[in-house]
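In my numbering, the protein residues as written are 106 to 192.
Note that beta-carbon positions come from the ideal geometry of N, C-alpha and C, so glycine has one too.
Everything numeric in this text was worked out from a predicted model, so none of it was measured.
Written out as structure tokens, the structure is:
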């Protein structure tokens with residue numbers, strides 16, 4: 106469940122409408138990142154997939170060195186011009 110009270114007050118849209126739009130947006134970003142695509146939002150930032158290569162790590166429980174498989178992590182880069190306005 107998302108806290109939509111600020112958006113409700115500032116836009117007049119219902120909680121159900123706001124939740125539906127936000128959940129759809131989140132799902133869209135997830136699908137695009139899984140496909141290896143970037144999602145750019147004007148005056149906000151860009152969501153992008155970051156590939157982390159294979160690396161060595163330690164299993165602290167037994168002290169053994171292990172190889173960690175490569176993974177792709179979601180990242181976001183905020184644009185500098187996007188400075189929050191005081192509330």
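* Using the C-alpha atoms, what's the distance from residue 125 back to residue 112? -> Going from the Cα of residue 112 to the Cα of residue 125 covers about 13 angstroms.
* **Under the three-state DSSP convention, the category residue 181 falls into** => strand
* Residues bridged to residue 157 (per DSSP) -> Paired residues: 176.
* Within the same chain, show all residues whose beta-carbon is closer than 7 angstroms to that of residue 170, passing over the 5 residues directly before and after it, in chain order. => 161 and 163
* At a Cβ threshold of 9 angstroms, is residue 122 touching chain B? -> No chain B is part of this structure, which consists of one protein chain only.
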